[in-house]
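The next block holds one structure in the form of structure tokens; read it before the comments.
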Amino acid sequence: MFDAANSGQTLLAPNTELAAALFDWVERQHLALGHEIWPTPRIRDFSGWLRERYAERQLLDASLPRCLNDVEERELWRSVILESDGGAELLEPNGAAQSARRARRAVIDYGIPLQKLADYATEESLAFLDWNRRFEARCRELHCIAPDQLLASAPTVSGLVWIESPIWRPVVRRWLDSSAIAMLPPPRAVSAAPPRAVAAASPAAELAAMAEWAADHLRATPDFRAWICIPDLNLRRAEVADAFDAVLAPQRFLLTDADVPAPYAVAGGTPLADYPPVRAALAALAATTGMLSFEAVSDLLRMPQLHFSATDAAAAAQLDVELRSRGPSEADLADWLLLAETLGAPAMSALKYLRAFLTTLDSARGAHFLSQWVTLWIAAFEAGPWVLRQRWSSTEFQAAERFRELLASLATGDALFGKQGSVAAIRILSRAAADTAFQPQTGIPAIWVSAQIMDPWLTYDGLWLAGCSEDRWPPPLDPIALLPVKLQRDYGVIPADIEAQLQLAEDLQARWLLRAGNCVFSCADTSDGRPTTPSPLLPVSSEPVSSSPQPHWHAQALHAPPLEVLRDDAAPAFAVDVERTRGVSTLRAQSRCAFRGYAEGRLLTDRLEKPVPGFNLRERGELVHHALEYLWGQLKGSAGLAAMTSEPLEALVANSVSRALAKQCEQRDPGARWRRREHPRMTALLNKWLAIERLREPFTVEQLEQGAQIAHHGGLDFRVRIDRVDRLLDGGRVLIDYKTGNVSPDWRGDRPDNPQLPVYALLRPDALVAVAYGMVNAGECGFVAEHSRPKVFKPSRRMPSSMEGMPDFPSLIALWSERIEVIAAQFAAGHAEVSPTLRACSTCNLQPLCRIPSALDDQESADE
Ligand code: SF4
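To get our numbering, take the position in the sequence shown, counting from 1, and add 3.
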């Protein structure tokens, strides 16, 4: 092979993976011989070579039909299937297109006459024949040919050699044989050590054994090279990479950005659409195709590709938080950008680049040919998600280059795709990127992991063949969809014939034994513990292998240093000159759990909101507050309510609701549809509430939602805002706080769940006869109160006032004062122990921070 490559001959391999391995081998020979310069080896996979020859012929004869590229071929199959009878009803047209392509390939490879297929006349074979007819007709219309037609016009040029392999397509193999092209003899057989067969306790243990085997050999012989075949690699790429990284490249788990090389590589690509530059480009394009949810715009804003610096990333995170409370649940990209810009971040890099991206695309409206879209898209990418391309890693550059090639191939398909609107064009591009596998060029390292059950042709120091269990080796039948199985057998389609599969397996097994001095066959029990029997075809009986999986976290945990327990539940004392309390919510959090008080009150660990369709719970609460403020501002008390007849009252309620909606929407407007829906709901709620207010002892409203007042407790200031203060006829005062959820008398006890009403009482103790939650709730309206005489409200049988056992309000206020002072003083002193009340954790999101399960001892956990 070395001589052939150096004499300028072209070596043909049956697939790209083998071609790459041969190329690498020739290059390594030159290096081993100390060469500094050598001719580039001409080693091609056969399909690529055919395309190149056809392209050369087209240069000489412009009348030749164009050969469809991969994307065009897929899209053409998809479109003919969708246009066929019943095609539109297929759930998965892409899957059908794939099957049709594979079936056509098999028909050509094995020389199956279409008439034979028609004779079978099964539903599937007839569907395939119809699709195939349409496909060929469309090719003629477009003056194109499919790649599978290239062989018919392949030239027999001199200077060709090919390597022998059982995976040649039969039709190609016949052509190679008949064209009298020289075949390279397989490499010399190595002197083989006895092969081994091993059985692992699980697929993970099998991978671990493989990785350890490679690592052991690399340690003993640094230039050890191995070929590993894992037939189900594509189903468990992540597990394979994890197992190999854990043993062969543990440095990859370091938390650095470094692109760490590893002595192994996994063959076959992953979808191009998954690589960061491509993902960013597609996400930005998808964002222009309609309404965008908050989650989608949040992802877009936080894309690293749009952040010039860490400051920009932090600004994007801050903007994300703002949009959560100010944004709609969905809007188009232009509206999102406008809102974000008005929130004060127009200079942020993500917004700047997204604006530039959108402006570039805005220059095109209506339907265009894909070549026009591609030009525009590339300009938009370079203004937006690719603007910081100078920072890309090698892998990202390669992926973006491959994506550009894909775009270029789409741009040649104007005749096929015709004019497309923006959404349809973006769909075509997204499908193409998702269906295109890509693998960055890493060279061929010492350990090559392949999914292809094939003869590696080259000799290696070691070979490992996985999945050699009774049910998977020889491979089970895998007939080609859409073609009758009997017909496939008649024409020698190997995956459809168990005998042919067996013969192929025996042939491959014999070759493998010749290719490496160290050959291992393995199988594994299933991951749910079902035992697996090694294949009887294996040349030796198996032995158990004891490797255990080494997920990196496991290895890290094993080697973790012993941890010393340090109990640290005292924060620095509250710094009154630089810190601010958060009003009653600080005391509430501290009372429920000292750590929660510290985290929420001082570390400001706020729960992130998320825009929901319509008004969220907080906003609905604020709407009720706004509406009742206006309503009682007009009524002024129970007399005003009683004097008003139904019609003016209806108008007043409606007006209150409209004003509340207008005021609330200044903060966040979920849209006209939601405003319209909210109006009748609020109106009904207010009418229900007024019915409860009518049952009360006569009162006048003394104060409504006044500005914040300052309460002093534990040496700290707390801003407090009382919703409403009523005055009764005898001068007694009632303090009311509106709640729109369900409420209970949660202010009681030494550690009240909510000390809000006691704090109000301490602020306004004069002539106090009652404090109350006004439960303004569509399910139930009423007052939940502590009162010194029963007629202030309609008595609540469910939650009666107890005055906590005190005879009058002055005594109760004294009791509350003691409690609030203790809670406030603890907060001021920095008490931060994890000490939740019984139900505190059920309404708290701080578990990841306080680690409550590990903070409780077993008995407490059981109690919880
Ligand atoms: S989850 Fe429970 S223990 Fe943890 S901070 Fe919240 S209330 Fe305290």
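The beta-carbon is built from N, C-alpha and C at its ideal position, and this holds for glycine as well.
Just how far apart, CA to CA, sit S857 and P839?
-> Sequence index remark: in the sequence shown, residue 857 carries index 854 (1-based). Sequence index remark: in the sequence shown, residue 839 carries index 836 (1-based). With a pLDDT of 48 at S857, under the threshold of 50, the predicted position of this residue should be treated as unreliable, though the coordinate-derived value follows. Taking the straight line joining both Cα atoms gives about 14 Å.
Give the DSSP-derived three-state secondary structure of I456 in the structure shown.
-> Along the sequence shown, read from residue 1 onward, the residue named residue 456 stands at position 453. If DSSP states are grouped into helix, strand and coil, I456 belongs with coil.
Would you mind stating whether A576 and G718 have Cβ atoms separated by less than 7 Å?
-> Residue numbering aside, residue 576 sits at position 573 when the sequence shown is read from its first letter. Residue numbering aside, residue 718 sits at position 715 when the sequence shown is read from its first letter. A distance of 7 Å or more separates the beta carbons of A576 and G718.
Which residues in the same chain as P1 place their Cβ atom closer than 6 Å to its Cβ, once the five residues preceding and following it in sequence are excluded?
-> Here the chain comprises residues numbered 4 to 867, so residue 1 is not present and cannot be evaluated.
Rounded to whole angstroms, how far is the Cβ of A878 from the Cβ of P547, which I believe are closer than 8 Å?
-> Nothing in the structure corresponds to residue 878, since the chain is present only between 4 and 867.
Could you tell me whether any non-hydrogen atom of the ligand SF4 is closer than 6 Å to the CB of I855?
-> Against the sequence shown, residue 855 aligns to sequence position 852. Taking non-hydrogen atoms of the ligand SF4 into account, the C-beta of I855 is found less than 6 Å away from one of them.
State the DSSP-derived secondary structure class of Q706, mapped to helix, strand or coil.
-> Here residue 706 is taken as the residue at index 703 of the sequence shown, counted from 1. Three-state DSSP puts Q706 in a strand.
Through-space distance from L145 to D464, alpha-carbon basis | Taking the first residue of the sequence shown as position 1, residue 464 is located at position 461. Taking the first residue of the sequence shown as position 1, residue 145 is located at position 142. Approximately 51 Å, taken between the alpha carbons.
Does DSSP classify G785 as helix, strand or coil?
-> In the sequence shown, residue 785 corresponds to position 782, counting from 1. Here DSSP, grouped into helix, strand and coil, assigns G785 to strand.
Within 6 Å: the Cβ of V837 and any heavy atom of the ligand SF4?
-> Counting from one through the sequence shown, the residue named residue 837 turns up at place 834. Yes, Cβ of V837 sits closer than 6 Å to a heavy atom of the ligand SF4.
When the Cα of V281 is compared with those of T398, T345, L631 and A217, which residue comes out closest?
-> By one-based count along the sequence shown, residue 281 stands at place 278. Ranking the options by Cα distance to V281, first place goes to T398.
Q829 CB to nearest heavy atom of the ligand SF4 below 6 Å = Locating residue 829 in the sequence shown gives position 826, counting from the first residue. Flag unset: Cβ of Q829 not near the ligand SF4.
Every unbroken beta strand (DSSP E) within the stretch 460 to 530, with a cutoff of 3 residues, ordered by chain = Correct list: 463 to 468 and 519 to 527.
Heavy atom of the ligand SF4 within 6 Å of R475 beta-carbon = For the purposes of this step, residue 475 is taken as residue 472 along the sequence shown, with counting starting at 1. Not one heavy atom of the ligand SF4 is found less than 6 Å from the C-beta of R475.
Compute the minimum distance between the beta carbon of R368 and the heavy atoms of the ligand SF4, and state whether it is under 6 Å.
-> Reading the sequence shown from its first residue, position 365 is the one you call residue 368. Relative to the ligand SF4, the beta carbon of R368 is positioned no closer than 6 Å to any heavy atom.
Is L14 helix, strand or coil when you go by DSSP?
-> Start at 1 with the first residue of the sequence shown, and residue 14 comes out as number 11. L14: strand per DSSP, three-state reduction.
Looking at C-beta atoms only, is the number of pairs between the stretch 480 to 497 and the stretch 119 to 136 that lie closer than 8 Å three or more?
-> Here the stretch 480 to 497 lies against the stretch 119 to 136, with 3 or more beta-carbon pairs under 8 Å apart.
Sub-7 Å separation of P68 and I84 beta-carbons | For the purposes of this step, residue 68 is identified with residue 65 of the sequence shown, where counting begins at 1. For the purposes of this step, residue 84 is identified with residue 81 of the sequence shown, where counting begins at 1. Result no, Cβ atoms of P68 and I84 do not sit closer than 7 Å.
If you draw a straight line from the alpha carbon of A211 to that of S549, how long is it in whole angstroms?
-> Here residue 211 refers to the residue found at position 208 of the sequence shown. Here residue 549 refers to the residue found at position 546 of the sequence shown. The C-alpha of S549 is placed about 9 Å away from the C-alpha of A211.
Option nearest H716 by Cα separation, candidates S412, S820 and R595 | Within the sequence shown, the letter at position 713 stands for residue 716. Comparing Cα positions, the closest option is S820.
CB-CB under 6 Å to A130, same chain, minus the five flanking residues each way: which ones, in chain order?
-> Taking the first residue of the sequence shown as position 1, residue 130 is located at position 127. Contacts found: none.
If you follow the alpha helix (DSSP H) that M213 is part of, which residue opens it and which one closes it?
-> The residue labelled residue 213 in the question sits at position 210 within the sequence shown. Its alpha helix (DSSP H) spans residues P206 to A223.
Would DSSP call G98 helix, strand or coil?
-> Position 95 of the sequence shown, counted from the start, is the residue given in the question as residue 98. Helix at G98.
Pull up the distance between the alpha-carbon of L342 and that of G330, whole angstroms please.
-> Working through the sequence shown from its first residue, we reach residue 342 at position 339. Working through the sequence shown from its first residue, we reach residue 330 at position 327. If you take the alpha carbons of L342 and G330, they lie about 8 Å apart.
Decide if the stretch 441 to 461 is in contact with the stretch 512 to 519; the criterion is three or more beta carbon pairs, one per stretch, under 8 Å apart.
-> Yes, the stretch 441 to 461 touches the stretch 512 to 519.
Cβ separation of A299 and L322, assumed to be a contact under 8 Å, to the nearest whole Å | Within the sequence shown, numbered from 1, the residue matching residue 299 stands at position 296. Within the sequence shown, numbered from 1, the residue matching residue 322 stands at position 319. A Cβ-Cβ distance of about 15 Å is found for the pair A299 and L322, leaving them out of contact under the 8 Å criterion.
Secondary structure at R358, three-state DSSP: helix, strand or coil?
-> The sequence position of residue 358 within the sequence shown is 355, counting from 1. Looking at R358 - three-state DSSP - the assignment turns out to be helix.
May I ask you to report which of helix, strand or coil DSSP gives R81?
-> Taking the sequence shown and counting its residues from 1, one reaches residue 81 at position 78. Three-state result, R81: helix.
Minimum C-alpha distance to V426 - residue among H38, R368, F311 and L238 = As a first step, residue 426 is located in the sequence shown; it is residue number 423 there, counting from the start. Ranking H38, R368, F311 and L238 by Cα distance to V426 puts R368 first.
Cutoff 6 Å; reference G90; Cβ partners in own chain excluding five residues on either side | Locating residue 90 in the sequence shown gives position 87, where the first residue counts as 1. If we look at G90 and ignore the five residues flanking it on each side, its Cβ neighbours are I84.
In whole angstroms, what is the alpha-carbon distance linking K422 and S82?
-> As a first step, residue 422 must be located in the sequence shown, where it is residue number 419. As a first step, residue 82 must be located in the sequence shown, where it is residue number 79. K422 and S82 have their alpha carbons spaced roughly 15 Å apart.
For the ligand SF4, any of its heavy atoms closer than 6 Å to the Cβ of Q593?
-> By one-based count along the sequence shown, residue 593 stands at place 590. No.
Any chance the CB of A843 is under 6 Å from a heavy atom of the ligand SF4?
-> On the sequence shown, position 840 is the one that residue 843 refers to. Yes, Cβ of A843 sits closer than 6 Å to a heavy atom of the ligand SF4.
Using beta-carbon positions only, say whether A891 and S102 come within less than 7 Å of one another.
-> Because the chain here runs from 4 to 867, residue 891 falls outside it and cannot be looked at.
In angstroms with no decimal places, state the Cα-to-Cα distance between R722 and E603.
-> Numbered from its first residue, the sequence shown carries residue 722 at position 719. Numbered from its first residue, the sequence shown carries residue 603 at position 600. Going by the C-alpha atoms only, they are around 16 Å apart.
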